[in-house]
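*Asks:* First to last, the sequence lines map onto chains W and G.
Numbering follows the numbering used here, with no gaps: position 46 of the first sequence is 50.
Numbering follows the numbering used here, with no gaps: position 129 of the second sequence is 146.
Virtual Cβ for every residue (Gly too), placed ideally from N, Cα, C.
Bear in mind that the values here come from a model prediction, so they are computed numbers and not experimental data.
Just passing along the structure, written as C-alpha cells.
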Amino acid sequence: MTTSALIIDDSPFARKIIRHHLVKLGFRVVGEAENAAQGLRLFRELKPKLVTLDVMMPEREGVGSLAVFRTIRKEAPAAVMVVVSAIPFEKTRDTFLNEGATAYVIKPFSQFSFEPVRQKLQRIFPALLA
Amino acid sequence: MDTDFHDAVNDAPVDQNAIQELRDEGEELLSELVEMFIDEVPGQLATLEEALAKGDAGAVRLNAHTLKGTGGNFGASRMQALAGAIEEKGRSRSLDGTAATFAQLRAECVRVREALEAVRRPQPPAARRFSVPGNQGLRNLSRDGAPPDKQRIPR
C-alpha cells in the first residue's frame, strides 16, 4: 500500500518537481493545492500521511501558511509535515522545526537539497522504496 | 542606485548544471517544466506589471517572489536577481525605479525562454552549450526585434 501525500504550493513549477520526487520515493500524491486555505480543505478531506507546505504564498481567505501548519499539527499530530521555502532565514526555519516540522527544504530543489529529506522520510515510512 | 545585474551574477541565462540535474530526473520532467515556463511566465509578468501600475507593494513583493522562484528552477540567476530586486522594493514599500528593472526582467525572461527552448530540442553534443558566440542579439531583442521595454513573451 502506498503512502499518501498532499502538496501545498502556489508555484506550479515547485508542485511538479515535488510531485516528481515524492512519486520517485514511492508516495502517492493524492492532491495539490495552490494556496493555504485550499490546502487545509484538501487535508481535511483526503487525510494524507505527508504534507509539503510552501511558506510564502499569497494569502487567500485570510489564511496563511503558518496558520495552516499549526492547524494541521493540532488536528493531526501524526501527519508528517515537510516545509518548503525560498527563505533561508534561520528564524523562519526554527519556528517550523520547533513546532514539529519534519524537515525544512530550501527552494529551488536539487537532488542534493532533497536528499536529507528523502532519508528522513524513508526512516519515517520504511515501506517506501529504498 | 542602479545595480549592474550583468556584473553581479553569471551572465548565462540558465545554469547548465541546473538543467542537467533536471535532465537527470528525466527528459519528460525537463520538457514539461520548459513548457510550463513558456505558458506561465507571460501571465506572471503581466500580474507583476499590473501590481506595479497600481503601486500595490504587497502584490509586487509576492509576484516578484514568484518570478524569482520560477527562475530559480533553471538556475536563471540574472532573472532571479532582477526579480529579487523588485521583490525587495516591494518589501520596503518603495517602488521608485522599478519600471526600469521590470523592463530588464521582461527582456531577461525572453532570453531565458530562448535558452530553455534550445535545451529542450535534441542537439548534437557539440551544440549543447548556452554561451553561443555571436548570440548577443538574444540579450536585448525579442524575436520580433521589439526594444526591451516593448518585449512580451508570446504564449
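#1: Of all the options W:V109, W:A83 and W:V121, which has the alpha carbon lying nearest to the alpha carbon of F93 of chain W?
#2: Who are M85 of chain W's beta bridge partners in DSSP?
#3: So V136 of chain G is in the alpha helix (DSSP H); what residue range does that whole segment cover?
#4: Can you tell me whether Q115 of chain W is buried or exposed, with buried defined as 16 or more other CB within 10 angstroms of its CB?
#5: What does the alpha-carbon distance come out to for the pair D41 of chain G and R95 of chain G?
#6: Using a Cβ distance threshold of 8 Å, determine whether the region 95-114 of chain G contacts the region 123-130 of chain G, with at least three qualifying pairs required.
#7: Using a Cβ-Cβ distance under 8 Å, would T250 of chain G count as near chain W?
#8: Rounded to whole angstroms, what's the CA-CA distance from T64 of chain G to A132 of chain G? Just pull it up for me.
#9: Return the residue from the list W:A83, W:R48 and W:F129 that minimises the CA-CA distance to G104 of chain W.
#10: What residue range does the alpha helix (DSSP H) around I12 of chain W cover?
#11: For G92 of chain G versus A35 of chain G, is the C-beta spacing smaller than 8 Å?
#12: Are the beta-carbon atoms belonging to D58 of chain W and S8 of chain W less than 8 Å from one another?
#13: May I have the straight-line CA-CA distance separating D166 of chain G from T118 of chain G, to the nearest angstrom?
#14: Which of helix, strand or coil does DSSP assign to A107 of chain W?
#15: What in chain G is Cβ-close to I21 of chain W, meaning under 9 Å?
#16: Which residue comes first and which comes last in the alpha helix (DSSP H) that contains R23 of chain W?
#17: Rounded to the nearest angstrom, what separates P130 of chain W and E36 of chain W at their Cα positions?
#18: Would you call Q123 of chain W buried or exposed, if buried means 16 or more other Cβ atoms sit within 10 Å of its Cβ?
#19: Cα-Cα, which of W:E65, W:M60 and W:R127 is closest to A18 of chain W?
#20: Quick one, are the C-beta atoms of L101 of chain W and L29 of chain W less than 8 Å apart?
#21: R74 of chain W and M85 of chain W look like a contact to me (Cβ under 8 Å); what is the Cβ gap, rounded to whole Å?
#22: Name, please, each residue of chain W whose Cβ falls closer than 8 Å to the Cβ of T83 of chain G.
#23: Output the boundary residues of the alpha helix (DSSP H) element that contains I128 of chain W.
#24: Listed in chain order, which residues of the region 108-129 of chain W have Cβ atoms closer than 7 Å to some Cβ of chain G?
#25: To be precise: take each residue of the region 74-93 of chain W, compare its Cβ to all Cβ atoms of chain G, and keep it if any distance is under 7 Å. Which residues remain?
#26: Give the range of the alpha helix (DSSP H) segment to which R48 of chain W is assigned.
#27: Rounding to the nearest angstrom, what Cα-Cα distance links V136 of chain G and L122 of chain G in this structure?
#28: Determine the contact status of A68 of chain G and L84 of chain G, defining contact as a CB-CB distance below 8 Å.
#29: Measuring alpha carbon to alpha carbon, tell me which of G:G86, G:V31 and G:H82 ends up nearest E105 of chain G.
#30: Say whether chain G places a C-beta atom closer than 8 Å to the C-beta of A18 of chain W.
*Replies:* By the coordinates alone:
#1: W:V109
#2: W:V55
#3: T115 to R137
#4: exposed
#5: 24 Å
#6: yes
#7: The requested residue 250 of chain G does not occur in the structure, where chain G is confined to residues 18 to 172.
#8: 23 Å
#9: W:A83
#10: Here I12 of chain W belongs to no alpha helix (DSSP H); instead the beta strand (DSSP E) covers T7 to I12.
#11: yes
#12: no
#13: At D166 of chain G, the pLDDT of 40 sits below 50, so the modelled position is not reliable and the matter cannot be decided from this model.
#14: strand
#15: L39, E42, L46, L50 and N90
#16: P16 to L29
#17: 24 Å
#18: exposed
#19: W:M60
#20: no
#21: Between M85 of chain W and R74 of chain W the Cβ distance is about 10 Å, and since that is not below 8 Å, they are no contact.
#22: D14 and S15
#23: Q115 to I128
#24: K111, P112, S114 and Q115
#25: A90
#26: A40 to L50
#27: 21 Å
#28: no
#29: G:H82
#30: yes
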